[in-house]
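I have placed the structure first, in the form of structure tokens, so that the comments after it can refer back to it.
Pasting the structure below:
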């Protein structure tokens, strides 16, 4: 299992960072203070062992081979999970690039 934390897109300003035109935070969203992000969201990658993975691990297979086998058996990568969360509006592509690249 692996996880990373991404900044969550502010739901008040929808990530724009723009907010009220008056007051102490004029022009900036009061919740995220103009950053466009408020809070964090986790992205995960879980590799479940199976017989083929055990066999290849015992044979000292390289990481690329093991990752290919795991994906073939249904493992979703962190980038897959992160893109799903972009689709739900929870974070954005810029944040994925910052954290997962």
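Numbering (my numbering), first residue to last: 8 to 108. Each residue gets a CB set at the ideal place from its N, CA and C atoms; glycine is no exception.
Mark residue 86 as exposed unless 16 or more other C-beta atoms lie within 10 angstroms of its C-beta, in which case mark it buried.
Residue mapping note: residue 86 aligns to position 79 of the chain shown, counting from 1. Answer is exposed; the Cβ neighbour count stays below 16.
For residue 105, does the count of other Cβ atoms within 10 angstroms reach 16, so buried, or fall short, so exposed?
By 1-based counting over the chain shown, the position of residue 105 is 98. Residue 105 comes out exposed.
Every unbroken beta strand (DSSP E) within the stretch 12-94, with a cutoff of 3 residues, ordered by chain
Whole beta strand (DSSP E) segments, 3+ residues: 44-52.
So, using beta-carbon positions, are residue 78 and residue 84 closer together than 9 Å?
Translated into the one-based positions of the chain shown, residue 78 becomes position 71. Translated into the one-based positions of the chain shown, residue 84 becomes position 77. The beta carbons of residue 78 and residue 84 sit closer together than 9 Å.
My guess is that residue 44 and residue 16 are in contact by the Cβ rule of under 8 Å, so how many angstroms apart are they, rounded?
Stepping through the chain shown from its first residue, residue 44 is reached at position 37. Stepping through the chain shown from its first residue, residue 16 is reached at position 9. With a Cβ gap of about 6 Å, residue 44 and residue 16 count as contacting.
Which one of 9, 13 and 27 has the shortest CA to CA distance from residue 96?
In the chain shown, the residue the question calls residue 96 occupies position 89. The residue with the shortest Cα to Cα distance from residue 96 is 13.
Would you tell me roughly how many angstroms separate the C-alpha atoms of residue 8 and residue 46, rounded to the nearest one?
As a position in the chain shown, residue 8 is number 1, starting the count at 1. As a position in the chain shown, residue 46 is number 39, starting the count at 1. Between residue 8 and residue 46, the alpha-carbon positions lie close to 22 Å from each other.
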